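Note that numbering that gives the first Met the number 0 has the sequence shown beginning at 0, numbered continuously upward.
C-beta: ideal position from N, C-alpha, C; glycine also.
None of these values were measured; they are calculated from a predicted model.
Everything on this sheet refers to the single structure shown next.
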Amino acid sequence: MKVTWELDNRLGTITVDAPPVNALNKEFFAQMDEILHNIGEDCDAVIITGAGEKAFVAGADIKEFPELDREAGIELCKRGQAVFQRIAELKQPVIAAIDGFALGGGLELALACDFRVASRKSQLGLPEVKLGIIPGYGGTQRLARLVGPGKAKQLIFSGEFVSAEEAYRIGLVEQLVDENALTEARKWAQTIMKRGPIAVKATKRVIDQGLATLLEEGLNLEAQAFGEICLTEDKNEGVAAFFERRDPHFQNK
Numbered sequence: 000m001k002v003t004w005e006l007d008n009r010l011g012t013i014t015v016d017a018p019p020v021n022a023l024n025k026e027f028f029a030q031m032d033e034i035l036h037n038i039g040e041d042c043d044a045v046i047i048t049g050a051g052e053k054a055f056v057a058g059a060d061i062k063e064f065p066e067l068d069r070e071a072g073i074e075l076c077k078r079g080q081a082v083f084q085r086i087a088e089l090k091q092p093v094i095a096a097i098d099g100f101a102l103g104g105g106l107e108l109a110l111a112c113d114f115r116v117a118s119r120k121s122q123l124g125l126p127e128v129k130l131g132i133i134p135g136y137g138g139t140q141r142l143a144r145l146v147g148p149g150k151a152k153q154l155i156f157s158g159e160f161v162s163a164e165e166a167y168r169i170g171l172v173e174q175l176v177d178e179n180a181l182t183e184a185r186k187w188a189q190t191i192m193k194r195g196p197i198a199v200k201a202t203k204r205v206i207d208q209g210l211a212t213l214l215e216e217g218l219n220l221e222a223q224a225f226g227e228i229c230l231t232e233d234k235n236e237g238v239a240a241f242f243e244r245r246d247p248h249f250q251n252k
């Protein structure tokens, strides 16, 4: 098991490499946590993907489950939830590039990202009930918020997989490609990185915080963020570039 980090022209890529299907275990969470803590201002966007052709991440390592009691089960969940929450709370936009299976903890990893790109061969699901357990790394919460409680319950109650096409239809993935989701994710990242970085990060923060509060409070968050951005050099550059009919050169300040 290894989780690698590569930074190329301000685009970071995290790759889960644990043949044959990139299952998650304690080592994964330790390595992922270290990578997340070290992502700095030299990175403008992050892609998370899996190595090989079979899977994005095909769930947790079941070999860790037989000896779990109540306290160990709670600890296991909270450890995974904390790491995935750090992904969700990164300042940078995070894209999941899914080629193959994204199951259980693997789908929960993808759900912690800002949006998901999947190839048509991919299959997604939360099959934990087939083992007599439930999703424990945020699946019950993030899936319901993304596709609605009814569809989330249907998928989790049944434990059935859905095709990439069906996942796209119900809003579980935001982009569907014939093959090579990583290439498409990089295209999206490059597009996003051309935009005002302060504005992109503020948008992520305001949407995420707004979803956890009342609409009125969310609207106030939006107004406050807009006002703060009006003080930036990037705002001045973006507006000037528009009137001068040229591409803006944002400086992240």
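So is A188 buried or exposed if we call it buried at 16+ other beta carbons inside 10 Å? The residue is buried, with at least 16 neighbouring Cβ atoms inside 10 Å.
Host alpha helix (DSSP H) of S157 (start-end): Taken as a continuous stretch (DSSP letters only), the alpha helix (DSSP H) holding S157 covers P148 to S157.
At least 3 beta-carbon pairs within less than 8 Å: the segment 89-100 vs the segment 32-52: Yes, the segment 89-100 is in contact with the segment 32-52.
Extent of the continuous beta strand (DSSP E) to which L175 belongs: Under the DSSP assignment, L175 falls in the beta strand (DSSP E) whose first and last residues are Q174 to V176.
Can you check which of these residues, A17, V2, P19 and P18, is closest to G11 by C-alpha distance? Distances from the alpha-carbon of G11 to those of A17, V2, P19 and P18 put V2 closest.
Which same chain residues end up closer than 8 Å to Q80 when comparing Cβ atoms and leaving out the 5 residues on each side of it in sequence? Cβ neighbours of Q80 within its own chain (closer than 8 Å, five residues either side excluded): G135, Y136 and G137.
Which runs of the beta strand (DSSP E), 3 residues or longer, sit entirely within the segment 14-71? Listed in chain order, the complete beta strand (DSSP E) runs (minimum 3 residues) inside the segment 14-71 are 44-49 and 54-56.
Do you know how far the Cα of P196 is from the Cα of P65? Between P65 and P196, the C-alpha separation is close to 46 Å.
Any contact of the segment 206-214 with the segment 52-64, i.e. 3+ C-beta pairs under 8 Å? Verdict: no, contact absent.
Cβ separation of V205 and L220, assumed to be a contact under 8 Å, to the nearest whole Å: Beta-carbon to beta-carbon, V205 and L220 are separated by about 5 Å, close enough to satisfy the 8 Å threshold.
Assuming A117 contacts A71 under a Cβ cut-off of 8 Å, what Cβ separation, rounded to an integer in Å, is found between them? In this structure A117 is not in contact with A71, their Cβ atoms being roughly 33 Å apart against a cut-off of 8 Å.
Where does the unbroken beta strand (DSSP E) through V116 begin, and where does it stop? Start and end: F114 to S118.
Residues near P247 by beta carbon distance below 7 Å, same chain, minus five either side: The beta carbon of P247 sits closer than 7 Å to the beta carbons of E236, G237 and A240 from its chain, once the five residues preceding and following it are set aside; these are given in chain order.
Residue(s) in a DSSP beta bridge with K252: When DSSP reads this structure, K252 sits in no beta bridge, so it has no partner.
Quick check on R115: buried or exposed, where buried means 16 or more other Cβ atoms within 10 Å of its Cβ? Taking every protein chain shown into account, the CB of R115 has 16 or more other CB atoms within 10 angstroms, so this residue is buried.
Going by DSSP, what residue range makes up the alpha helix (DSSP H) through K1? Where K1 is concerned, there is no enclosing alpha helix (DSSP H), although the beta strand (DSSP E) around it starts and stops at K1 to D7.
Helix, strand or coil: which one does DSSP assign to L125? Coil at L125, not helix or strand.
When you compare only the Cα positions, how much space is there between N251 and C229? CA-to-CA, the gap between N251 and C229 works out to about 13 Å.
Going by Cα to Cα distance, which pick from A22, F83 and E243 is closest to K62? If we check each option's Cα against that of K62, A22 comes out closest.
Apart from the five residues on each side of it in sequence, which residues of its chain come closer than 7 Å, Cβ to Cβ, to L106? Contacts found: L123, G124, L125 and G138.
Assuming A17 and F28 are in contact, meaning their beta carbons sit under 8 Å apart, how far apart are those beta carbons, in whole angstroms? A Cβ-Cβ separation of about 12 Å leaves A17 out of contact with F28 under the 8 Å criterion.
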